[in-house]
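Single-structure report; data block below.
Numbering (the working numbering), first residue to last: 10 to 234.
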């Protein structure tokens with residue numbers, strides 16, 4: 010289980026995200042190139058760009074799923090390289106990889122998630138009901154369709170009030186009802202003051218973007234109104 014150092018619990022005066030000259034290279038191929046980015050707390054940033062442009066890499070890097078090859082950064086006041094555990098406690102990444110345990114049931118996945126982050130597992134049944142998976146709560150994830158897996162990943166958002174939400178194509182594989190659920194969860198997060206960074210090809214009416222970031226060939230730039 011992740012350990013917590015009390016002196017690091019509150020850095021509310023810092024921006025949500027600061028990246029300085031961040032580059033990420035896979036083999037010899039640069040996925041991000043000298044990215045400078047500052048996101049203030051409470052912002053809703055929409056990330057646009059073609060497939061393969063580096064959007065997913067950017068979100069995964071902010072979530073500490075991968076590390077910068079060069080450059081420095083911080084998330085919610087915590088260093089990307091030295092304080093990864095602290096970053097992970099405060100962020101939630103919803104991406105193409107649903108990070109579910111196939112041999113566990115839907116309910117077991119959420120209960121394990123609650124244990125990992127010190128959350129009340131009593132919220133699990135309501136979260137499964139909300140995402141339409143209450144009737145399959147006792148079934149192993151191995152037999153779930155991609156859409157069901159995405160719904161279960163959404164249930165993590167329902168049980169956890171993360172300070173920073175990183176949503177990478179959150180509408181992918183979802184039907185119209187589940188897309189509305191994404192919008193509702195995003196809107197609720199925005200209302201409580203969470204910071205949102207959404208990479209999507211679709212509009213996100215649940216949280217109107219405060220600004221838009223364009224990522225092309227690994228380079229990020231602001232889209233001016």
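Note that CB positions come from ideal geometry on N, CA and C, so glycine has one too.
Worksheet item: By a C-beta neighbour count over all protein chains shown, 10 Å radius and 16 as the cutoff for buried, is residue 11 buried or exposed?
Response: Note on residue 11: pLDDT 48, under 50, position unreliable in the model; the coordinate value appears next. Residue 11 comes out exposed.
Worksheet item: Which first and last residues belong to the beta strand (DSSP E) in which residue 45 is found?
Response: 38-48
Discussion item. Strictly by DSSP, which residues pair up with residue 26?
Written reply: 48 and 84
Practice prompt. Could you spell out the range, first to last residue, of the alpha helix (DSSP H) harbouring residue 57?
Written response: Segment 53-57 is the beta strand (DSSP E) holding residue 57; no alpha helix (DSSP H) there.
Practice prompt. Drop a sphere of 10 angstroms on the beta-carbon of residue 27, count the other beta-carbons inside from all chains shown, and report buried for 16 or more, exposed for fewer.
Written response: buried
Worksheet item: Okay, do the stretch 90-109 and the stretch 165-184 touch, 3+ Cβ pairs below 8 Å being the bar?
Response: yes
Worksheet item: Among the residues of its own chain, which have a CB less than 6 Å from the CB of residue 55, if the five just before and after it don't count?
Response: 207, 218 and 221
Worksheet item: Per the contact definition of three or more C-beta pairs closer than 8 Å, is the stretch 155-167 in contact with the stretch 189-203?
Response: yes
Worksheet item: Under three-state DSSP, which class holds residue 183?
Response: coil
Practice prompt. Find the nearest neighbour of residue 232 within the set 58, 104, 21 and 39, judged by alpha-carbon distance.
Written response: 58
Worksheet entry | Assigned secondary structure, residue 228 (DSSP; H/G/I helix, E/B strand, else coil) | strand
Discussion item. My assumption, with CB atoms under 8 Å, is that residue 168 sits in contact with residue 142. Please give the rounded CB distance.
Written reply: With 8 Å as the limit, residue 168 and residue 142 do not qualify as a contact, their Cβ atoms being about 13 Å apart.
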